[in-house]
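Undergrad:
Number of protein chains: 2
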Amino acid sequence: MPENERGARARTRQAILSAAIDVLGQNPAAALSEIAAAAEVGRTTLHRYFPERSDLLRAVAAEGSSRLDRATASAKLSEGSGADALLRLCREYFDLGSLLSLIFTDPDCLGGATPILDDGCDDRFTAMIDRGHRDGTIDIALPAPWLSSLMWSQLYAGWSYVSQQGASRHEVLELVVRTVDGAVAPRAVS
Amino acid sequence: MPENERGARARTRQAILSAAIDVLGQNPAAALSEIAAAAEVGRTTLHRYFPERSDLLRAVAAEGSSRLDRATASAKLSEGSGADALLRLCREYFDLGSLLSLIFTDPDCLGGATPILDDGCDDRFTAMIDRGHRDGTIDIALPAPWLSSLMWSQLYAGWSYVSQQGASRHEVLELVVRTVDGAVAPRAVS
DNA sequence: CTGAAGTGGAACACCTCCGTTCCACTAGAG
DNA sequence: CTCTAGTGGAACGGAGGTGTTCCACTTCAG
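In order, the protein sequence lines correspond to chains Y and V.
Going by the working numbering, the first residue of the first sequence is number 1, and it counts up by one from there.
Going by the working numbering, the first residue of the second sequence is number 1, and it counts up by one from there.
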């Protein structure tokens, strides 16, 4: 879609997209006028870039998938132990910010690339968990799809904690990492 | 509200309330016609019991708070170690079923009794966590509000896992308990 | 200055949902 | 049977969101 757009057009387009991610993350049923206001743009202008609501949603899905893919790539899931890779992924995803809310509250918004409720959607994720099962850093009793749900729910909880209470991003990220780490670690033999 | 209602009236009223919890949990912006259809009731009948949408939402809040209180009482938070009490609470809350979705996706729906994003809303909960901190069964580094967020997000993740995939309630509950337990346990001294 | 690009406001028709009214139907009590 | 409670359908006006059109304004390149 963003073919041959530069300068003002590209900037406005990006502002609308970012505003849409923020607003729709708070309320997936938000009116277009709210999104336009958040982007500090007239509703007319919004319609110029995205004629119909569905056009905007498609673009949001594309933008979200792109940010998600970049974060996934940064985590280098194939390096280190399985648990280390999972925690790296948590740290990268946490930086997605308000996109976390959108992905979590509207799992269908990313179209086919829905990362949450999928029986093992992402091959890289599943491979990472399998590696953790083998190298003993992830409890064998916890299947990959559940760990995906676990991770996303904790990321969302952490992000809500930051954005609704005035908590520090870094402190909360450490809480998330701490609890995910504890959750996946194999039990001590009792 | 449910003053002097018996027989058919009480039954219809309850059917509408349960349907509302189910439907609103899936989509907080659902139309009244959807709720009426889910309750197998005409929209006219729904309006007879709850003249305005806000009336229905108030009744849902009351019903939800009531179920929540019953579950909390059943967990006997003041008995046993802090961690044991927390896990008992998870088991009781898990039985709330679709109410979990409603509470999680629309935290304001329960009015003042919002259990999730509150800096230590519930005294019994905070007391339980404090006890766990003292008796060494809950990691001292994890504050009560975060553990509340943690628990609710895991319960919601578990319930979604059950209702969207065909997973077994009991198996998923054990996964939730397993991961919450691991998350709150104090770290081994390394 | 002139023209083009980008923008925002106002107004409109359309649709959906909401709340209301009215009427017809059914089941059960007497 | 008759009367009543409970119900559901049809229809309407109002409110809000959507998509569209038209026009006035600003900015910037030439």
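Every residue gets a Cβ at the ideal spot worked out from N, C-alpha and C, and that includes glycine.
Applying the criterion that 16 or more other CB atoms from any shown protein chain within 10 Å of the CB defines a buried residue, is residue 52 of chain V buried or exposed?
TA: Residue 52 of chain V should be labelled exposed.
Undergrad: Got a sec: which bits of the segment 3-31 of chain Y sit with their beta carbon under 9 angstroms from any beta carbon on chain V, in order along the chain?
TA: So the close ones are 27, 28 and 29.
Undergrad: Please name the residue, chosen from Y/177, Y/40, Y/158 and Y/88, that lies closest to residue 98 of chain Y on a Cα-to-Cα basis.
TA: Nearest of Y/177, Y/40, Y/158 and Y/88 to residue 98 of chain Y, Cα basis: Y/158.
Undergrad: Please state whether DSSP places residue 62 of chain Y in a helix, a strand or coil.
TA: The answer is helix: DSSP assigns residue 62 of chain Y an H, G or I state.
Undergrad: Exposed or buried, what is residue 132 of chain V when buried is set at 16 or more other beta-carbons lying within 10 Å of its beta-carbon?
TA: Label assigned to residue 132 of chain V: buried.
Undergrad: By the criterion of Cβ-Cβ separation under 8 angstroms, what are the contact partners of residue 142 of chain V in chain Y?
TA: Within 8 angstroms Cβ-Cβ: 175, 178 and 179.
Undergrad: Hey, does residue 85 of chain Y have any beta-carbon neighbour from chain V nearer than 7 angstroms?
TA: Not an interface residue.
Undergrad: Using the C-alpha atoms, what's the distance from residue 19 of chain Y back to residue 178 of chain Y?
TA: If you take the alpha carbons of residue 178 of chain Y and residue 19 of chain Y, they lie about 31 angstroms apart.
Undergrad: Indicate whether the contact test is met: 3 or more Cβ pairs, each with one atom in the segment 86-93 of chain Y and one in the segment 11-28 of chain Y, closer than 8 angstroms.
TA: With the cut-off at 8 angstroms, the segment 86-93 of chain Y and the segment 11-28 of chain Y do not touch.
Undergrad: Counting only the same chain and skipping the five closest in sequence on each side, list residues whose C-beta sits under 8 angstroms from that of residue 181 of chain V.
TA: Excluding sequence neighbours, residue 181 of chain V sits near 83 and 87.
Undergrad: Can you round the beta-carbon distance between residue 61 of chain V and residue 110 of chain V to whole angstroms, since I take them to be within the 8 angstroms contact cut?
TA: About 5 angstroms; that satisfies the 8 angstroms criterion.
Undergrad: Are the CB atoms of residue 71 of chain Y and residue 77 of chain Y within a distance shorter than 7 angstroms?
TA: It is not a contact, given that the beta carbons lie outside the stated cut-off.
Undergrad: Tell me the rounded alpha-carbon separation between residue 94 of chain Y and residue 9 of chain V.
TA: Cα to Cα, residue 94 of chain Y sits roughly 49 angstroms from residue 9 of chain V.
Undergrad: Determine, for residue 146 of chain Y, whether the minimum Cβ-Cβ distance to residues of chain V falls below 7 angstroms.
TA: By this cut-off, residue 146 of chain Y is an interface position.
Undergrad: Check whether the segment 132-149 of chain Y and the segment 134-146 of chain V touch, using three or more Cβ-Cβ pairs below 8 angstroms as the test.
TA: They do not touch, by the three-pair rule.
Undergrad: So with CB distances below 8 angstroms, who are the chain Y contacts of residue 150 of chain V?
TA: 154, 157 and 179, listed in chain order.
Undergrad: Determine the extent of the alpha helix (DSSP H) in which residue 103 of chain Y is found, giving its start and end residues.
TA: Segment 98-105, the alpha helix (DSSP H) holding residue 103 of chain Y.
Undergrad: So, are the CB atoms of residue 104 of chain V and residue 161 of chain V less than 7 angstroms apart?
TA: The answer is no: Cβ separation not under 7 angstroms.
Undergrad: So, is residue 7 of chain V buried or exposed, given that buried needs 16 or more other C-beta atoms within 10 angstroms?
TA: Looking at its Cβ environment, which holds fewer than 16 other Cβ atoms inside 10 Å, residue 7 of chain V is exposed.
Undergrad: Quick check: is the beta carbon of residue 183 of chain V nearer than 7 angstroms to any beta carbon in chain Y?
TA: Answer yes: the Cβ-Cβ gap between residue 183 of chain V and chain Y drops below 7 angstroms somewhere.
Undergrad: Return yes when at least one heavy atom of the ligand NAP lies under 6 angstroms from the C-beta of residue 51 of chain V, else no.
TA: Of ligands this structure carries none, so the ligand NAP is not represented either.
Undergrad: Looking at the secondary structure, which residues open and close the alpha helix (DSSP H) in which residue 92 of chain Y lies?
TA: It spans 82-94 - the alpha helix (DSSP H) in which residue 92 of chain Y sits, taken as one unbroken run.
Undergrad: Against chain V, with Cβ distances strictly below 7 angstroms, would residue 93 of chain Y count as a contact?
TA: Chain V contact via Cβ: absent.
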